[in-house]
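Protein chains in written order, with my numbering: chain A, 402 to 990; chain B, 12 to 134. Glycine included, each C-beta is placed from N, C-alpha and C at the ideal position. Predicted model only: the values in this text are computed from it and were never measured.
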Amino acid sequence: MKEIRFGDYLRANSVSQRQVSYNKLAPKPKDSKKVVLQKLQVSAKDIYRILAPYTSVRFMEQLKAVVPLAVYLVLFQILILRQGVTDSVIIGGGLFAVMVGLMLFMEGLKLGLMPFGESIGNILPVKSPLPIVLLIAFLLGVGVTFAEPAIGALKAAGQIVQVEKAPYLYAILNQYSDALVLVVGAGVGLAAILGTLRFVHNWSLKPLIYASLIPVLALTAYIGIFDPELAKMIGLAWDCGAVTTGPVTVPLVLSLGIGVASAVGKGDSSLSGFGIVTLASLFPILGALGLGVFISATVTPEQIIEAAQNVGNVSSVVPWYEQTPWVEVILAVRAIVPLVIFLFIVMKLVLREKIRNAFITSYGIVLAVVGMGLFNVGLTYGLAKLGDQSGSLVPAAFTQIAAVQDSPLYWYGVGLFLALLFAFFLGFGATLAEPALNALGMTVQNLTNGAFKKSMLMYAVSTGVAIGITIGVVKLIFDLQLMYILIPGYLFLILLTYLSTEEFVNVGWDSAGVTTGPVTVPLVLAMGLGFGNATGVIEGFGILSMASICPIISVLVMGLVVQKKAAKKAAKVEAQKAEASDLGTQATA
Amino acid sequence: MSYQQRNFTVLTECMQITCIVEKGQGDTIVKAAREAGAQGATVYYARGSGVRERLGLLGVAVEVEKEIVNIIVSHDQSDYVFERMYMAGQLDTPGKGFIYMTPLEKAATFIPGEVLDKIEGRA
Numbered sequence: 402m403k404e405i406r407f408g409d410y411l412r413a414n415s416v417s418q419r420q421v422s423y424n425k426l427a428p429k430p431k432d433s434k435k436v437v438l439q440k441l442q443v444s445a446k447d448i449y450r451i452l453a454p455y456t457s458v459r460f461m462e463q464l465k466a467v468v469p470l471a472v473y474l475v476l477f478q479i480l481i482l483r484q485g486v487t488d489s490v491i492i493g494g495g496l497f498a499v500m501v502g503l504m505l506f507m508e509g510l511k512l513g514l515m516p517f518g519e520s521i522g523n524i525l526p527v528k529s530p531l532p533i534v535l536l537i538a539f540l541l542g543v544g545v546t547f548a549e550p551a552i553g554a555l556k557a558a559g560q561i562v563q564v565e566k567a568p569y570l571y572a573i574l575n576q577y578s579d580a581l582v583l584v585v586g587a588g589v590g591l592a593a594i595l596g597t598l599r600f601v602h603n604w605s606l607k608p609l610i611y612a613s614l615i616p617v618l619a620l621t622a623y624i625g626i627f628d629p630e631l632a633k634m635i636g637l638a639w640d641c642g643a644v645t646t647g648p649v650t651v652p653l654v655l656s657l658g659i660g661v662a663s664a665v666g667k668g669d670s671s672l673s674g675f676g677i678v679t680l681a682s683l684f685p686i687l688g689a690l691g692l693g694v695f696i697s698a699t700v701t702p703e704q705i706i707e708a709a710q711n712v713g714n715v716s717s718v719v720p721w722y723e724q725t726p727w728v729e730v731i732l733a734v735r736a737i738v739p740l741v742i743f744l745f746i747v748m749k750l751v752l753r754e755k756i757r758n759a760f761i762t763s764y765g766i767v768l769a770v771v772g773m774g775l776f777n778v779g780l781t782y783g784l785a786k787l788g789d790q791s792g793s794l795v796p797a798a799f800t801q802i803a804a805v806q807d808s809p810l811y812w813y814g815v816g817l818f819l820a821l822l823f824a825f826f827l828g829f830g831a832t833l834a835e836p837a838l839n840a841l842g843m844t845v846q847n848l849t850n851g852a853f854k855k856s857m858l859m860y861a862v863s864t865g866v867a868i869g870i871t872i873g874v875v876k877l878i879f880d881l882q883l884m885y886i887l888i889p890g891y892l893f894l895i896l897l898t899y900l901s902t903e904e905f906v907n908v909g910w911d912s913a914g915v916t917t918g919p920v921t922v923p924l925v926l927a928m929g930l931g932f933g934n935a936t937g938v939i940e941g942f943g944i945l946s947m948a949s950i951c952p953i954i955s956v957l958v959m960g961l962v963v964q965k966k967a968a969k970k971a972a973k974v975e976a977q978k979a980e981a982s983d984l985g986t987q988a989t990a
Numbered sequence: 012m013s014y015q016q017r018n019f020t021v022l023t024e025c026m027q028i029t030c031i032v033e034k035g036q037g038d039t040i041v042k043a044a045r046e047a048g049a050q051g052a053t054v055y056y057a058r059g060s061g062v063r064e065r066l067g068l069l070g071v072a073v074e075v076e077k078e079i080v081n082i083i084v085s086h087d088q089s090d091y092v093f094e095r096m097y098m099a100g101q102l103d104t105p106g107k108g109f110i111y112m113t114p115l116e117k118a119a120t121f122i123p124g125e126v127l128d129k130i131e132g133r134a
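Spelled out as structure tokens, the structure:
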């Protein structure tokens, strides 16, 4: 009799496996020849199986950022304001273009541009002396600003401004729009230089913040007090700071900075990633204000109005390159190609490195250009249109507006409350959905050993942004001067910065930069402008700048509270220990 | 002295199944394995290459970062779990991953006392 294990019997019965020797599949060992494997033939089903999860994951990311916001705006419009969405098909198509465009752009960025940034960051500081590294950091800062998708929102916003009411603002956003992006880029470039130097010398962020805030605030106060015509662009200048720190600038500039830091041997500080974002949102303000002063010194408002009216008369026939799909594609090419050429030149001439995977890199660049073009189309027809529409309808809740029948819809107090509530939850939801905030929360939690929880930071920042947007809307409703909110706010921040520890200063100031992604910025900008036009305010800028300052305040205050609690706890533990040892000595005695 | 008195049981007839999949897919594999009877899983992160380089442009869609799922099962259930994991990960598609199984000499972990008693006929 032969014994068989029941398990072996089950295996033989239940599983039908065909066995093939790997010897037959693997390439035969040949004498000293390099083995080259063939390219695989893939069936249509396999292509689907590979591509479906790849695209759906990336599409869902953008869907999560866009759809809840859009649904919120539309529901508010229908349920509270009782207005249908006009051009809903165009807006829907535009939002779809935004999602697809951002998806392609982010993937192209990852495949085409990031590898450049990483290898330059790793190799450049080793091969080149510091002045050349700083020069390249500066040029990179300028280049990435042009490639930032949200920058297009500024140009789109320029079309809504009325030239008679704010001539300088109109001029900056139209005739001088390229100059504006250039000075903003120069600001980011300067920030990149200072940020890199900070990495190398391990500077504290606090003096840098004081040193850059004081001139910005001084210039703002000067313009606000002495030049009422130019004061209308203060909101725009401060909003520029929020626009610059997006998905292109932050990783590319950071990778260079971190590369430098590790080359000098100081890369292991847990804070090395922070600070550049802060500076990159302060310097552009200075640049934009400076440009305003320059324009006011060279042209008079009358000249601008005259020029704008002439332009209006001439351009009755729009040439093909200024019509919809083409103008966006040209903008996209102009935004990305210079950056690519610059990176390429640095790789080839300065570093003399080969481009690895040239095929995939060029595919990534094409994706980035196509994605940006689509995003620009969607920006104009989806985000900006929807934001403008909501913004111009919300005031109907409390005041009379020509476009809405039987407005005001509610009593003044109730309507005002509803409008502010709308702004608050818009800011709260949009920020909480921002993926960069989640990442920042994780970093902070690790950095503080769990004292500052991730959810706590996320809620602190979101509440900050929500309050900021609400204050921005209040500013629009009552036509307040932005200067009188910004300057006390930042003076208070200087005090908070002085009181807080280095870690919280780094985190708090950077949290302002991460909250303003490529979906939120255009939407909020357009909403503010539409709101401003509906209530008859001269300019609708400034909401973004309020959305930048408030989260810094909320995070720093939260940080101080956490610190105080931790200190109290530590003191309590100390006291208990002391008591215990007292008892111990008594017992032994 | 004391450690000799502690109960120390070694398991034999163990099989180790290792499955390498794209980052983000690990949980699907673990879920399938658990439903097929595996009692636990270890997941760790790695970076891999192979089919990705041979797919041309399509290779872009294959994630370079991987998750490695490590599972210990009994000899008898191993083939069934192996098959379920293979199916759950769609490993018959290029670039989706790799799975292998090796016998283990012995393993040890926490075993509930009553289970031991039952097996050894002391209950």
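Minimum Cβ-Cβ distance from residue i to chain B less than 8 Å
i, result
"A:Tyr-378", "Limits of chain A in this structure are 402 at one end and 990 at the other, which puts residue 378 of chain A out of reach."
"A:Ile-766", "no"
"A:Leu-426", "no"
"A:Ile-761", "yes"
"A:Ile-405", "no"
"A:Gly-509", "no"
"A:Gly-513", "no"
"A:Leu-581", "no"
"A:Leu-411", "yes"
"A:Gly-408", "yes"
"A:Leu-740", "no"
"A:Leu-503", "no"
For residue i, the residue or residues it bridges with in DSSP
i, result
"B:Arg-58", "B:Glu-76"
"B:Ala-33", "Before going on, a small fix: residue 33 of chain B reads as Glu here, not Ala. Answer is B:Lys-77, bridged to B:Glu-33."
"B:Val-84", "B:Met-26"
"B:Thr-53", "B:Asn-81"
Classification of residue i by the beta-carbon crowding that lies within 10 angstroms, buried from 16 upward
i, result
"A:Ile-479", "exposed"
"B:Gly-124", "exposed"
"A:Val-621", "Val is not the amino acid found at residue 621 of chain A; the sequence shown has Thr there. Looking at its Cβ environment, which holds 16 or more other Cβ atoms inside 10 Å, A:Thr-621 is buried."
"A:Tyr-623", "exposed"
"A:Glu-404", "exposed"
"A:Trp-727", "exposed"
"B:Phe-2", "It is not possible to answer for residue 2 of chain B, since the shown part of chain B is limited to 12 through 134."
"A:Lys-876", "buried"
"A:Asn-777", "buried"
"A:Ser-444", "exposed"
"A:Leu-490", "Note on residue identity: the sequence assigns Val, not Leu, to residue 490 of chain A. Its Cβ having fewer than 16 others within 10 Å, A:Val-490 is exposed."
"A:Val-375", "Residue 375 of chain A falls outside the range modelled here, since chain A spans only 402 to 990, and no answer is possible."
Per-residue DSSP class, three states only, for residue i
i, result
"A:Gln-790", "helix"
"B:Met-112", "strand"
"A:Ala-834", "coil"
"B:Ala-118", "strand"
"A:Trp-604", "coil"
"A:Ser-444", "coil"
"B:Gln-101", "coil"
"A:Pro-568", "helix"
"A:Ala-709", "helix"
"A:Ser-422", "coil"
"A:Leu-525", "helix"
"A:Phe-942", "coil"
"A:Ser-901", "coil"
"A:Trp-812", "coil"
"A:Leu-480", "helix"
Within-8 Å CB hit, residue i to chain A
i, result
"B:Gly-65", "According to the sequence provided, residue 65 of chain B is Arg. The question's Gly does not apply to it. For B:Arg-65, the answer is yes, since a Cβ of chain A falls inside 8 Å of its Cβ."
"B:Leu-69", "yes"
"B:Val-62", "yes"
"B:Val-73", "yes"
Proximity test, Cβ basis, 8 Å: residue i and chain E
i, result
"A:Gly-518", "This model lacks chain E altogether; the protein chains it does include are A and B."
Open item on the list: So if I threshold CB-CB distances at 9 Å, which residues from the stretch 86-110 of chain B count as touching chain A?
Closed with: With the criterion set as a beta carbon lying under 9 Å from some beta carbon of chain A, the members of the stretch 86-110 of chain B are His-86, Asp-87, Gln-88, Ser-89, Asp-90, Tyr-91, Phe-93, Glu-94, Gln-101, Asp-103, Thr-104, Pro-105, Gly-106, Lys-107, in sequence order.
Task: Contact set between the stretch 441-464 of chain A and chain B, restricted to residues whose Cβ is under 7 Å from the partner - done: Listed by position, the residues of the stretch 441-464 of chain A near chain B (Cβ gap below 7 Å) are Leu-441, Val-443, Asp-447, Ile-448, Arg-450, Ile-451, Leu-452, Tyr-455.
TODO: Could you run through the stretch 23-49 of chain B and flag, in chain order, every residue whose CB is less than 9 Å away from some CB of chain A?
DONE: Shown in chain order are the members of the stretch 23-49 of chain B whose Cβ falls below 9 Å from a Cβ of chain A: Glu-24, Glu-33, Gly-35, Gln-36.
TODO: Below 8 Å between beta carbons is the criterion; list the residues of the stretch 110-129 of chain B that meet it against any residue of chain A, in chain order.
DONE: The residues in question: there are none.
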